[in-house]
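Novice:
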Amino acid sequence: MHKIVLPALVALGLSTAAMAQEAAPDFATLDADASGGLSLTEVQTALPDVTAEAFAAADLDASGELSEDEFATLSATSAPAM
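Heads up: the sequence shown is residues -20 to -1, 1 to 62, going by mature numbering (1 follows the signal peptide of the UniProt record, and there is no 0).
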């Protein structure tokens, strides 16, 4: 029994990591207008549940766009639960 459980847990862990990697949107791809920042509309392309309030809270410099670092923080907290 133990010989089956450990490999199954390892496989589950690897598949979860792969799914998380697939879910991570690419900043440059989302930046449709190549402005160097992401608008709310661009963010919602990858993370449709992000509200205007969550976007504003993530926009630490109040520029109206998310930088790559701001987006990384937002996407880490807005990723779907596994």
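Virtual Cβ for every residue (Gly too), placed ideally from N, Cα, C.
Report the option in V30, E48 and A42 whose CA atom is closest to the CA atom of L18.
Specialist: Position 38 of the sequence shown, counting from 1, holds the residue named residue 18. Minimum Cα distance to L18 is reached at E48.
Novice: Under 8 Å between the Cβ atoms of residue 66 and E45?
Specialist: Only positions -20 to 62 of the chain appear in the structure, and residue 66 is not among them; the question remains open.
Novice: Return the Cβ separation of P5 and S55 in integer angstroms, given the expectation that the two are a contact with Cβ distance under 8 Å.
Specialist: Along the sequence shown, one-based indexing puts residue 5 at 25. Along the sequence shown, one-based indexing puts residue 55 at 75. With 8 Å as the limit, P5 and S55 qualify as a contact, their Cβ atoms being about 6 Å apart.
Novice: Within a Cβ cutoff of 6 Å, which residues of the same chain sit near A52, ignoring the five residues on either side of it in sequence?
Specialist: Here residue 52 refers to the residue found at position 72 when the sequence shown is read from its first residue. The beta carbon of A52 sits closer than 6 Å to none of the beta carbons in its chain outside the five residues before and after it.
Novice: To which residues does DSSP link L20 through a beta bridge?
Specialist: The residue given as residue 20 occupies position 40 in the sequence shown. For L20, which the question treats as bridged, DSSP gives no partner whatsoever.
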